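Engineer: First, the structure itself, so that you have it in front of you.
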Amino acid sequence: MDPIQRERSRVDTVADVTDTVMWFRRDLRTSDHPALLAAVAGADGGSVLPLFVLDDHLLTPAGAPRTAWLFRSLRALSASLDGALLVRRGDPVDVVPAVAAEVGASHVHVSADAGPYGRRRDAAVAKALVADGRSLVATGSPYAIGPGTVVKKDGSPFAVFTPFSRAWGEIGAPRPARDLPDDVRWVRRLAGVGVPEDPDLGTVTLPPVGEEAARQRFGEFLDAVDAYDELRDRPDRPGTSQLSAHLKYGEVHPRTLVEALRGSTSPGARTFRTELVWREFYADVLWHRPETAREYYRPELRTMRFDHGPATDEQVQAWKAGRTGFPFVDAGMRQLAAEGWIHNRLRMVVASFLVKDLHVDWPVGARHFMQALRDGDLASNNHGWQWTAGTGTDASPFFRVFNPITQGQKFDPDGAYVRKYVPELAHLAGKAAHTPWDAAGGYDHGYPEPIVDHKEERVEALDRYAEARGR
DNA sequence: TTTTGAGTTGTTCGA
DNA sequence: GTCGAACAACTCAAA
């Protein structure tokens, strides 16, 4: 009998052997939760220990908005588990097996993590558990269809969104999981550290957090989803779902959303479903190519020239602070700073500005976003940046350089978005807010002049792209 | 193997 | 102001 088997039979003789551990990570909810149901079923009349591990590896790169969101979400989750959530701090490779041993559980249940770090971590935790005669059981994932599942006819992964989306639709999202039984018993006898106090948010304000808040937000959004395709591009209007951070922490599962939209054929509903598929696509790309969290998806563009040095550092600082002198760009960056969230249209505009007007490599911006965003998701964020930089999955035309001024005039036609976030321009009426250089007294309130000439930098960006392609 | 059609989100210029 | 063409060439996916 090998050691693992022996260990298992020893564990099987423990009195409360049927207790299981539910290790929460990016699934901070109780409904439509296959892994939690599996933990309950595995307990078979015993109790379930709900666990969260505060892992410095994940906490460190997150800024205050995302950390505060996490902590609030954990409090909400614990409340819905009758206060039974056990919170420990440390490396999951040590903490999870230790907790499993303390409670005498033979199985630790999780929703599979698709990210590079999560997969390494889970493999190490599984190994440690097995060495102890226990096992890690993964059920479901944060995606409607698990990353790696949607493949081409020859079994290889998709590299283009549209065919992926078609194949994704043919598989179809599974139906939501059944409700959690009312009579689940939670293990409460272990000591934990509790959920920490929120970090200092400064002036950042967050919307309501947690499963119930997500449900409510989605309910409100559903009432307006038919207008989504028309309004989603308008940062001056409340047309987006505002569900990104709820999805990031699994307070709601995309499967639940797809189910609620089943049968909805309005352009708005279809467009929103497509946005959910984008989230699945980028997770799938990262699953197959974990190195693309940091490296170019298209390595042939690695020779692209970028700017470095004190002058560039100063420009990057201006970009982060929302003081580039381009009103639409600055409004976006200030929204990011004020809310830990930035409208999708502005994510593209400010990214294009950093990469193509300031000639700074995209990871610089991607890291800043991950730090500043409350919804910072590695797959969506970094592949979104790669898309803008032209290094990503989309073979996008090289000439796609956003004009920061006309983008503002097009998508914030009345200048309301600019005035909301850039008070120095609040005295400029209508679309004049986008062109303070044309307005008498446009610079009377301390707003900076443009730090670059967009026309020149656009040509420069095109030249560098051509150079990197060897022409 | 070859062929064919297509590819999230744009800008500029000239008629 | 509006509209269509030009802006390159390449890669992907499927037939």
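Each residue of the first sequence is one higher than the last, beginning at 3 in my numbering. Where is the CB? At the ideal position from N, CA and C, for every residue including glycine. Quantities reported herein were computed from a predicted structural model and do not represent experimental measurements.
#1: Might you give, ordered along the chain, the residues of its own chain that have their beta carbon closer than 7 angstroms to the beta carbon of Trp387, omitting 5 neighbours on each side?
#2: Let me make sure I understand the geometry here. Which of Ala313, Gly443, Ala442 has the alpha-carbon closest to that of Ile453?
#3: Along the chain, where does the beta strand (DSSP E) that runs through Trp439 open and close?
#4: Cα separation between Pro118 and Asp184?
#5: Rounded to the nearest angstrom, what separates Trp71 and Glu341 at their Cα positions?
#6: So is Trp439 buried or exposed if we call it buried at 16+ other beta carbons inside 10 Å?
#7: Would you call Ser487 buried or exposed, if buried means 16 or more other Cβ atoms sit within 10 Å of its Cβ?
#8: Give me the DSSP bridge partner(s) of Thr151.
#9: May I ask you to list the residues that DSSP assigns as paired with Trp25?
#10: Should Thr305 be labelled buried (16 or more other beta-carbon atoms within 10 Å of its own) or exposed?
#11: Opposite Trp188 in the DSSP bridges: which residues?
#12: Using beta-carbon positions only, say whether Asp414 and Asp238 come within less than 7 angstroms of one another.
#13: Nearest-angstrom Cα distance between Gly417 and His436?
#14: Just grab the DSSP bridge partners of Ala140 for me.
#15: Using a 10 Å radius around the Cβ and a threshold of 16 neighbouring Cβ atoms, would you call Pro99 buried or exposed?
#16: Please classify Arg10: does DSSP put it in a helix, a strand, or coil?
#17: Determine the direct distance from the alpha carbon of Leu182 to that of Ala43, and round the result to whole angstroms.
#18: Short check: CB of Val351 to CB of Phe404, under 7 angstroms?
#19: Decide yes or no for the touch test of the stretch 121–138 against the stretch 267–274: beta carbon pairs closer than 8 angstroms, at least 3 of them.
#20: In terms of residues, what are the limits of the alpha helix (DSSP H) holding Ser105?
#21: Quick one, are the C-beta atoms of Ala247 and Asp377 less than 7 angstroms apart?
#22: Between Leu53 and the rest of its own chain, which residues show a CB-CB distance below 6 angstroms, the 5 nearest in sequence each way excluded?
#23: For Leu324, collect the residues of the same chain with a Cβ closer than 6 angstroms to its Cβ; drop the 5 residues on either side in sequence, then sort them by chain order.
#24: The beta strand (DSSP E) spanning Val403 covers which residue range?
#25: Anyone know if the C-beta pair for Val50 and Trp188 falls short of 7 angstroms?
#26: Here's the rule I'm using: 16 or more other beta-carbon atoms within 10 Å means buried, otherwise exposed. How should Phe84 be labelled?
#27: Quick check on DSSP: helix, strand or coil for Arg90?
#28: If distances are taken between C-alpha atoms only, which option among Val461, Ser108, Arg31 comes closest to Ala81?
#29: By how many angstroms is the C-alpha of His361 removed from the C-alpha of Phe401?
#30: Please report the residue range of the alpha helix (DSSP H) in which Thr390 lies.
#31: What residues in its chain sit with their C-beta under 8 angstroms from that of Ile173, if we drop five residues either side in the sequence?
#32: Would you call the CB atoms of Val112 and Ala37 closer than 7 angstroms?
#33: Indicate the three-state DSSP secondary structure (helix, strand or coil) for Pro506 in the structure shown.
#34: What three-state label does DSSP hand Ser167 in the structure shown?
#35: Taking Leu76 as part of the alpha helix (DSSP H), name the residues at either end of that continuous run.
#36: Using the three-state DSSP reduction, which class does Met306 fall into: helix, strand or coil?
Structural biologist: Result, derived from the coordinates:
#1: Only residues of its own chain outside the window of five on either side were considered, and among them Ala353, Trp364, Gly367, Ala368 have a CB closer than 7 angstroms to the CB of Trp387, listed in chain order.
#2: When each option's Cα is compared against that of Ile453, the closest is Ala313.
#3: Per DSSP, Trp439 belongs to no beta strand (DSSP E) and is neither H nor E.
#4: Approximately 36 angstroms, taken between the alpha carbons.
#5: A direct Cα-to-Cα measurement between Trp71 and Glu341 gives close to 12 angstroms.
#6: Exposed, since its Cβ has fewer than 16 Cβ neighbours within 10 Å.
#7: Lying before the first or after the last residue shown, residue 487 is absent from the chain, which here runs from 3 to 473.
#8: DSSP, once it has assigned bridges, lists no residue as partnering Thr151.
#9: DSSP, once it has assigned bridges, lists Leu53 as partnering Trp25.
#10: Under this definition Thr305 is an exposed residue.
#11: Val50.
#12: Their beta carbons are under 7 angstroms apart, which means Asp414 touches Asp238 by this criterion.
#13: So the alpha carbons of these two residues sit roughly 7 angstroms apart.
#14: Paired residue(s): Val112.
#15: In the assembly as shown, Pro99 is a buried residue. Its beta-carbon has 16 or more other beta-carbons within 10 Å.
#16: Because the pLDDT at Arg10 is just 37, under 50, the model does not fix this residue reliably, and the value given afterwards should be weighed accordingly. Here Arg10 sits in helix by DSSP.
#17: Using only the alpha carbons, I get a separation of about 10 angstroms.
#18: The Cβ atoms of Val351 and Phe404 lie closer than 7 angstroms to each other.
#19: Pairwise C-beta distances place the stretch 121–138 out of contact with the stretch 267–274, as fewer than three of them are shorter than 8 angstroms.
#20: Before going on, a small fix: residue 105 reads as Val here, not Ser. Residues 94–105.
#21: Result yes, Cβ atoms of Ala247 and Asp377 sit closer than 7 angstroms.
#22: The residues are Val23, Trp25, Leu88, Val101.
#23: The sequence given here places Gly at residue 324; Leu does not occur at that position. Cβ within range, chain order: Asp332, Met335, Arg336.
#24: Careful: Val403 lies outside any beta strand (DSSP E) and carries neither H nor E.
#25: Yes. Within cutoff.
#26: First, the amino acid is wrong: residue 84 is Asp here, not Phe. By the neighbour-count rule (16 or more Cβ atoms within 10 Å), Asp84 is not buried but exposed.
#27: Three-state result, Arg90: strand.
#28: The residue with the shortest Cα to Cα distance from Ala81 is Arg31.
#29: Their backbone Cα atoms lie some 15 angstroms apart in a straight line.
#30: Here the alpha helix (DSSP H) through Thr390 covers 380–391.
#31: Contacts found: Ile147, Thr151, Val152.
#32: Closer than 7 angstroms, so yes.
#33: Shown here, the chain extends from 3 to 473; a query on residue 506 therefore has no answer.
#34: Here Ser167 carries a helix assignment [DSSP, helix/strand/coil].
#35: Going by DSSP, Leu76 is part of the alpha helix (DSSP H) stretching over 66–82.
#36: Three-state DSSP puts Met306 in coil, outside helix and strand.
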